[in-house]
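Residue numbers (the UniProt record's numbering), protein chains in the order written: chain A, 1 to 284; chain B, 1 to 284; chain C, 1 to 284; chain D, 1 to 284.
Number of protein chains: 4
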Amino acid sequence: YGKNTIKFLRLHKEGKKQFVKEVEVCAHLRLTSPQEYLEGNNSLVIPTDTIKNIVLVLAKKNGISSLEQFAIDICNHFMTTFCQVAYVKAYVQEVPWQRLHEDGIPHIHSFICVPDGIRFCEAEQCRNGPLIVFAGIKDLKLMKTTQSGFEGFYKNEHTTLPERHDRILCGEFFCKWSYGECKDFDFNCIWKKIRECILEAFAGPPDCGEYSPSYQKTVNCIQMLVLSRVPQVQVIEVVLNNTFYNVVDMKNLGLTNDKEVLVPVETPYGSCACTLGRKTFFEA
Amino acid sequence: YGKNTIKFLRLHKEGKKQFVKEVEVCAHLRLTSPQEYLEGNNSLVIPTDTIKNIVLVLAKKNGISSLEQFAIDICNHFMTTFCQVAYVKAYVQEVPWQRLHEDGIPHIHSFICVPDGIRFCEAEQCRNGPLIVFAGIKDLKLMKTTQSGFEGFYKNEHTTLPERHDRILCGEFFCKWSYGECKDFDFNCIWKKIRECILEAFAGPPDCGEYSPSYQKTVNCIQMLVLSRVPQVQVIEVVLNNTFYNVVDMKNLGLTNDKEVLVPVETPYGSCACTLGRKTFFEA
Amino acid sequence: YGKNTIKFLRLHKEGKKQFVKEVEVCAHLRLTSPQEYLEGNNSLVIPTDTIKNIVLVLAKKNGISSLEQFAIDICNHFMTTFCQVAYVKAYVQEVPWQRLHEDGIPHIHSFICVPDGIRFCEAEQCRNGPLIVFAGIKDLKLMKTTQSGFEGFYKNEHTTLPERHDRILCGEFFCKWSYGECKDFDFNCIWKKIRECILEAFAGPPDCGEYSPSYQKTVNCIQMLVLSRVPQVQVIEVVLNNTFYNVVDMKNLGLTNDKEVLVPVETPYGSCACTLGRKTFFEA
Amino acid sequence: YGKNTIKFLRLHKEGKKQFVKEVEVCAHLRLTSPQEYLEGNNSLVIPTDTIKNIVLVLAKKNGISSLEQFAIDICNHFMTTFCQVAYVKAYVQEVPWQRLHEDGIPHIHSFICVPDGIRFCEAEQCRNGPLIVFAGIKDLKLMKTTQSGFEGFYKNEHTTLPERHDRILCGEFFCKWSYGECKDFDFNCIWKKIRECILEAFAGPPDCGEYSPSYQKTVNCIQMLVLSRVPQVQVIEVVLNNTFYNVVDMKNLGLTNDKEVLVPVETPYGSCACTLGRKTFFEA
């Protein structure tokens, strides 16, 4: 198969007010025949230059009402236009431009980049198969400074980690969910709702939080909350790349460090991942 | 000289509410004698491990009320403790953790990383010289989708750029200013004010913006506004690394593209920089 | 499941001569029960800290005769020691230190980092399943300045790419192959042989090269040569991320540019990938 | 001032044999008047697009016999063509393509990227001033697994580092030297000679090496050897960003680790730098 990446800006105006979407699109195609590989016969090959042109033309004609709708448009175009395409996947990722505000007043044409979690989506389709839509958020960095521990784990002669009931929980989240064969969803609204669920499940109630006995349990709480609150989600995958922080031992410097100064431990770098769906489906 | 980088987290509590600062500190030292280089005599050398310990101990003892105060504390410590230090510079940069909010309510111990411009500062001192403090913001990405052009530039046989009166202005800003020999400033408050000045000078009034005839002029507007509004600033340097966007020519695809679809041009990558101070000092 | 990354150096001596391996190991584990996720019950969880200790102890005890043998050792250890492990995968990647030479004489303890293609391997095993070994090379950048073209491709109204019979072929290769259930292979020797096959198939005979009608065909040539020369390889996957170079049009600068000055085109960034196995198995 | 970056490929042929240089050029210009900044008057501004055209035209017309000669050509062109230019600096950096060999036979048109130290140069000139040429190597990673220590350093109550007489010396080197107002040098040949000096001074004799009492002393040895062997060099700056490796303590795992397994310490990350010239000039 082949893929390629296209970055571009789509502007539109409503009166004098300007709107901007900057996206990175990655289109994967698989053809029905491998003759290009085996024989060097290019007659069915769609050049990446043509793919780029198509993506830009679709952006021009349809605009980008949501990332998901744009990914669906791309899949539809390739499936209906090229009978040699056996499979198409469109990945769309957003540059997080937000409108500037001055004293609370939105600016008509100025924007600031605020990368506090990057929105992306994916649509894919096999010929004669359903069009499946995924969406997600990545590079979302969160931290809890208390209400997190790790105790009661398996121990043997290679265990040196002490049990801790008050550690830092910090990491980068990657969350991706499937809408199944969605139809007429308000993708922008649902995405915002899911983002709020993730933050809420991570943090717990604002006045006291909620104790996390492990990264794994926090991952599971996020998945459970999203599935319970957002009926459009079929399956949700969460990957958490955690950063460990060690309380600096200051005894030999003559000081008591009561979890005040901590340093990040770069190795081992841990990650935990889980995919959770409705019904009884479970794959850890 | 030698330098080294230390990353750490400083937590503190007020009642049950938790506060966090994650910083990266880089300390540069220059010794009065080069004997370590010339003779391999290490007797005056302060190991990076010792420097790390000192920075962590200062963080533990003093806390980090502001990046600038912490940088000043580091300079003071090295100058008063080590007579072999001829020069010290402390660079402090912040990881932009922001408190999470749920339905407007601040969370007592949860944070999200929002890197929309990174705050940093620098304090430096030569033995017998004044302690100078700088502060700044970097990796601040801004865009104006209209009210920007570039016309009337110098032309010769190598000129192929057309004049444009409605282009995208987009780039990453690095701004660094000097407070001189500051004393008892509210560094956190001043920094926020300067950030607002930068955004305001870049964007212009929220309802109509302000036309930018060049990157250079926008850089100058930012500097002028900061100097006029913030008396504590002595000199301000601004570097703008711009991203060019080209309107895609869709004629041979049978379409008219009225500045709706644009692609970033990665080369040539331009940058313009200027340092502006009070009085008549000018260095381009 | 969980994974983590561990970087370390393994030294050994033969007489006064020093040998070094610096590796990055990533271990993935999946447990037989998801109770850690669902119930926050950690009793079967093997902390990443313990995994790190095990990897370091294995390196100390066994040394690293080859990346592949070390990955196999890790899999074996986890499968035989922990009955709660359902699946283990060990990825091992090398920092490419090469012995320094002075006037052709090898230095006994000095090394230079030469990243002209990074060696890696992977071993994986499900409980009660076979142990499968993969190896590969990544970040290998190759260029042919002639003997490459792209013609006869599919055309429609979105096609703007001209046919070219003398273009640059340049890209970054990722190659990964499976040894199946290998036994007593000389992994270091085989890896070097496969690397030579890749370079030879890419470049063709040194005196004239071989014409490449497409990236896809070059990918296939590499796979065919490896499969024909190295019987231990079962399946080989090749991904080529190509960089396009455009001949600069200098007509409006009054010059003829006969493929002398070219600029890289950053978008669209293309990639083609193919997996080829023995017998009739084919998956594009 | 303004600068911009241009990446391109310059090919040439001798008979059927192909030669390639891929370079990144960064040109800095400062104009005689700041009117562009202060008044938004662009009449003297040379657009980055024009700068790019000039660099490409020079590459086409002159070729790139050496990076240094090309940088000199750029400076000369801007100084003689534009009277509004007060200062010009041209930085040129090479992509390290090396000719492929098959069984020792050089290939006529195939290349591999071998980034074991990147060559760069800089030429700069003020109007009415001399043209100064610098050259250098960066991203050069070297390691000694023994014959390195650090003892006898300054100690006080914040010292926790033990003295070591057999540690790893590992780091990334940046070396930059000045040729002064050079004339008719064989830049390619001199550069290779200096690179060999750096490796030799770092490593010492191949059969036994040479003990390094500190990073600083090794930096000085490199500078001394280059200055003594290469008369064209006026001043040489060396920056060493070191990576520390700690011997893993395996006592609580029941093992003795005789400097066999070590882990890199990411913080504190140290750096030492020194500039050394002929005569008595010294600036640490």
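Idealized CB from N, CA, C, for every residue including glycine.
Proximity of residue i and residue j at Cβ, strictly below 8 Å
i	j	result
B:F120	B:Y91	yes
D:Y37	B:N220	yes
D:K21	D:I108	no
A:C274	A:Q223	yes
C:L67	C:V114	no
D:G171	D:T243	yes
D:L262	C:L100	no
A:E260	B:K7	no
B:L227	B:R278	yes
A:Q98	A:I112	yes
B:C175	B:I137	yes
B:F173	B:L276	no
A:L253	A:S212	no
Residue nearest to residue i in terms of C-alpha spacing, selected from the options
i	options	result
D:Y245	D:I72, D:V265 and D:P231	D:V265
A:R167	A:G40, A:I198, A:V247 and A:I222	A:V247
A:T217	C:C83, C:N41 and C:E181	One detail in the question is off: residue 217 of chain A reads as Lys in this sequence, not Thr. Of C:C83, C:N41 and C:E181, the residue nearest in Cα terms is C:N41.
B:D116	A:E39, A:P96, A:C197 and A:E122	A:P96
B:Q232	B:L29, B:G149 and B:W191	B:W191
D:L225	D:G171, D:A203, D:Q98 and D:T48	D:A203
A:H28	A:S271, A:D258 and A:A71	A:A71
B:Q93	B:V45, B:P213, B:K193 and B:C26	B:C26
A:C272	C:Q18, C:T48, C:R10 and C:L9	C:T48
B:Y179	B:E163, B:C197, B:S110 and B:V230	B:V230
B:D249	C:F174, C:K251, C:T160 and C:Q69	C:T160
C:G63	C:M79, C:L11, C:P34 and C:C75	C:L11
B:L58	B:R164, B:L9 and B:V85	B:L9
C:S33	C:L56, C:L255, C:V85 and C:F19	C:V85
B:S110	B:D258, B:Q18, B:I46 and B:T256	B:Q18
Per-residue burial, residue i [other beta carbons within 10 Å of its own, 16 or more giving buried]
i	result
C:S65	exposed
B:S43	exposed
B:C83	exposed
A:H77	buried
D:T280	Low per-residue confidence applies at D:T280: pLDDT is 41, beneath 50, and the placement is therefore not dependable, though the value from the model is reported in the following sentence. The residue is exposed, with fewer than 16 neighbouring Cβ atoms inside 10 Å.
C:A123	buried
C:D73	buried
D:E237	buried
A:P162	exposed
C:N4	buried
D:R164	exposed
D:K251	exposed
Beta-bridge partners of residue i, as assigned by DSSP
i	result
A:Y91	A:C26 and A:E122
D:F153	DSSP, once it has assigned bridges, lists no residue as partnering D:F153.
C:S110	D:K144
A:R99	A:F111
A:K7	A:E24
D:K17	D:E14
D:C170	D:M143
D:G136	D:F120 and D:K176
A:S212	A:S148
C:P264	C:Y245
Exercise for review: Evaluate the contact criterion for the segment 200-213 of chain B versus the segment 182-192 of chain B: three or more CB pairs, one atom per stretch, below 8 Å.
Suggested key: At 8 Å Cβ cutoff, the stretches do not touch.
Review point. When the Cβ atoms of the segment 155-164 of chain D are set against those of the segment 121-135 of chain D, are three or more pairs found closer than 8 Å?
Key: Counting Cβ pairs under 8 Å, fewer than three are found: no touch.
Review point. Counting Cβ pairs, one atom from each stretch, are 3 or more of them under 8 Å apart for the segment 131-148 of chain A and the segment 98-106 of chain A?
Key: The segment 131-148 of chain A is not in contact with the segment 98-106 of chain A.
Review point. When the Cβ atoms of the segment 141-148 of chain A are set against those of the segment 39-55 of chain A, are three or more pairs found closer than 8 Å?
Key: When Cβ pairs closer than 8 Å are counted between the two stretches, the segment 141-148 of chain A is seen not to touch the segment 39-55 of chain A, the count staying below three.
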